Amino acid sequence: MGRIVNISSVAGVRGISGQASYCASKHGMVGFADALSQELIPHKIQVATICPGAIDTPLWDPEKNPYPGDISKTIQPSEIVNLVCYLLAQPDHSIFKRIVMFPSNEWH
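Counting from 253, one number per residue, gives the positions in the sequence shown under my numbering.
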């Protein structure tokens, strides 16, 4: 059994004001992953997509692109790594198509 894990965004499952282009690209990624998962069934390859909210990365530059909430509550990159490792360690009979996660100070 093979597995592909995509990292998209919560913007791939929800529209966000002022982020139309970004949302369109992430919705496209989620749709691609859904279609790919169906196409790869005969090859025994599963496709999962993680759709996180804000992650603590340099994207949130306080001067150019400030995070609109408490930056200390954003998802840590290690949390995404741990989730990917968890997904890869699951038995073949467990299928995770899409996981939406976001910081507790965001509500999508």
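Virtual Cβ for every residue (Gly too), placed ideally from N, Cα, C.
None of the values given here were measured: they were computed from a predicted structure.
In the three-state DSSP reduction, residue 293 falls in the helix class (H, G or I). Residue 353 is bridged by DSSP to 304.
In the structure shown, residue 321 adopts coil according to DSSP, grouped into three states. Shown here for residue 274: same chain residues with a beta carbon closer than 7 angstroms to its own, the five before and five after excluded, namely 263 in chain order.
Setting aside the 5 residues that flank it on each side, residue 268 is surrounded in the same chain by 275, each with a C-beta closer than 7 angstroms to its C-beta; the list follows chain order. Residue 329 is positioned such that its CB atom lies no closer than 8 angstroms to that of residue 313. The C-beta of residue 280 has fewer than 16 other C-beta atoms within 10 Å across all chains shown, which makes the residue exposed.
According to DSSP, residue 258 shares a beta bridge with 301. Separation of the CB atoms of residue 296 and residue 253 is rounded to 5 angstroms, and the pair is thereby assigned contact status at 8 angstroms. In the DSSP assignment, residue 347 is bridged to no other residue.
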